Structures are given as C-alpha cells and as structure tokens.
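Numbering (my numbering), first residue to last: 81 to 240. By construction, the Cβ of each residue, glycine as well, lies at the ideal position given by its N, Cα and C atoms. On a predicted model such as this, the values are computed, not experimentally measured, just so you know. Data block below; observations after.
Printed below as a string of structure tokens:
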C-alpha cells in the first residue's frame with residue numbers, strides 16, 4: 081500500500097514537472113492546445129494569457145498571432161463603439177469634451193489597436209490571410225482618422 085502511494089506521488093510529481101518544463105516544441109503545442117480549450121470553455125482571459133505565452137516562446141506562431149490580433153482588434157472595436165455612442169449622446173460637445181474624446185480615441189489605439197496591428201502584421205508575414213489583412217487595413221484607416229498618420233499622396237511619374 082505504501083509503495084503504491086509513493087509510486088502515485090512520484091508519477092504526479094513527474095507529470096507536473098514534465099508539464100511545467102516541457103521541451104520547447106511540445107511546450108508551444110501544449111500551450112496552443114490549452115489556449116484553444118480555454119477559449120472554447122469561454123475562459124477568454126485565460127486563453128489570451130496562454131496565447132501570449134505562445135508568442136513569447138515562438139514569435140512567429142501564426143495561430144497565436146492571428147487569435148491575438150483578432151482579440152485585440154475586437155476589444156478595441158468594442159471600446160470604440162462605447163466611446164462613439166457616448167460622444168454622440170452629447171448634443172453640443174464643448175471643446176473640452178471634444179478634446180477628451182480625441183484623447184480617448186488615441187487611447188483605444190494605444191491600448192488595443194497597436195497590439196492588434198503588431199500581431200496581425202506578424203501573422204501576415206507568416207501567412208497571407210484576407211481577413212487579417214482587412215483588419216490591418218481597418219487599423220490603418222483608424223490611425224488616419226485620429227491623426228496618428230498623415231495621408232500619403234501618390235506621385236505621378238513627372239513629380240519628385
């Protein structure tokens with residue numbers, strides 16, 4: 081009986097060590113599997129952490145980059161929708177309210193869209209995807225909207 085307990089505890093210890101310190105190839109695969117499972121269970125915050133861990137281990141993991149790019153984009157879109165709705169409720173916004181709204185729009189980019197853009201562009205470097213490209217283009221238009229970038233003018237052949 082005592083021997084069985086020792087074997088059981090040794091097995092548990094070995095499994096926990098194996099799980100905590102797996103080989104690099106298995107580590108990323110296991111993290112991806114766990115992240116997918118957490119997301120399917122509705123545990124999005126846990127899934128996000130796991131996908132971020134995958135990217136920390138393998139910065140070119142398409143699945144994690146694509147998931148995180150979508151996640152950050154959607155979180156930004158959600159926050160942007162709330163901001164725009166509350167701003168539209170103001171009948172005649174004061175200058176201060178307009179300035180605060182503009183700062184809040186920039187915060188959406190800094191908090192969500194910048195992360196999304198980074199992940200999306202890295203994912204697109206690994207593999208082309210029309211949906212991810214559309215999200216990246218949407219973020220580019222958003223940066224133009226809030227004044228983070230200026231429009232580029234295409235030059236004709238004769239111009240310098």
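Residue 161: which of 144, 181, 171 sits nearest, CA to CA?
Taking the chain shown and counting its residues from 1, one reaches residue 161 at position 81. Ranking 144, 181, 171 by Cα distance to residue 161 puts 181 first.
What is the DSSP secondary structure of residue 138, counted as helix, strand or coil?
What you label residue 138 is simply residue 58 of the chain shown in a count that begins at 1. Coil.
What's the gap between the Cα of residue 197 and the Cα of residue 191?
On the chain shown, position 117 is the one that residue 197 refers to. On the chain shown, position 111 is the one that residue 191 refers to. For residue 197 and residue 191, the distance between alpha carbons rounds to 11 Å.
Which runs of the alpha helix (DSSP H) fall wholly inside the segment 192-232 and span at least 4 residues, in chain order?
194-206, 210-225
Which same chain residues, not among the five before or five after residue 189, have their C-beta less than 7 Å away from its C-beta?
Residue numbering aside, residue 189 sits at position 109 when the chain shown is read from its first letter. Excluding residues within five positions, the ones whose Cβ falls inside 7 Å are 222, 223, 226, 228.
Residue 127 vs residue 119 beta-carbon contact at 8 Å
Taking the first residue of the chain shown as 1, we reach residue 127 at position 47. Taking the first residue of the chain shown as 1, we reach residue 119 at position 39. Yes, the pair counts as a contact, with Cβ atoms nearer than the cut-off.
Could you give the distance in angstroms between the alpha-carbon of residue 211 and the alpha-carbon of residue 123?
One-based indexing of the chain shown puts residue 211 at position 131. One-based indexing of the chain shown puts residue 123 at position 43. Near 24 Å, if we compare the C-alpha coordinates of residue 123 and residue 211.
Use the C-beta contact count for residue 104: other C-beta atoms within 10 angstroms, 16 or more gives buried, fewer gives exposed.
In the chain shown, counting from the first residue as 1, residue 104 sits at position 24. Only weak support is given to the placement of residue 104: the predicted model assigns it a pLDDT of 44, under 50, and the value that follows is read from those uncertain coordinates. Exposed: under 16 other Cβ atoms inside 10 Å.
Identify, in the order they occur along the chain, each residue of the same chain with its Cβ nearer than 6 Å to the Cβ of residue 148, setting aside the five sequence neighbours on each side.
Taking the first residue of the chain shown as 1, we reach residue 148 at position 68. Here the set comprises 131, 199.
Residue environment, residue 202, which counts as buried when at least 16 other CB atoms sit within 10 Å
What you label residue 202 is simply residue 122 of the chain shown in a count that begins at 1. Answer is buried; the Cβ neighbour count reaches 16.
Using only the alpha-carbon positions, how far apart do residue 219 and residue 164 sit?
Within the chain shown, numbered from 1, the residue matching residue 219 stands at position 139. Within the chain shown, numbered from 1, the residue matching residue 164 stands at position 84. Residue 219 and residue 164: Cα-Cα distance of roughly 16 Å.
Rounded to whole angstroms, what's the CA-CA distance from residue 116 to residue 185? Just pull it up for me.
Here residue 116 refers to the residue found at position 36 of the chain shown. Here residue 185 refers to the residue found at position 105 of the chain shown. For residue 116 and residue 185, the distance between alpha carbons rounds to 31 Å.
Which stretch, first to last residue, makes up the alpha helix (DSSP H) that contains residue 172?
Stepping through the chain shown from its first residue, residue 172 is reached at position 92. Where residue 172 is concerned, there is no enclosing alpha helix (DSSP H), given that its DSSP letter is neither H nor E.
Between residue 140 and the rest of its own chain, which residues show a CB-CB distance below 6 Å, the 5 nearest in sequence each way excluded?
To locate residue 140, count along the chain shown from 1; it is residue 60. Excluding positions up to five away in sequence, the list reads 206.
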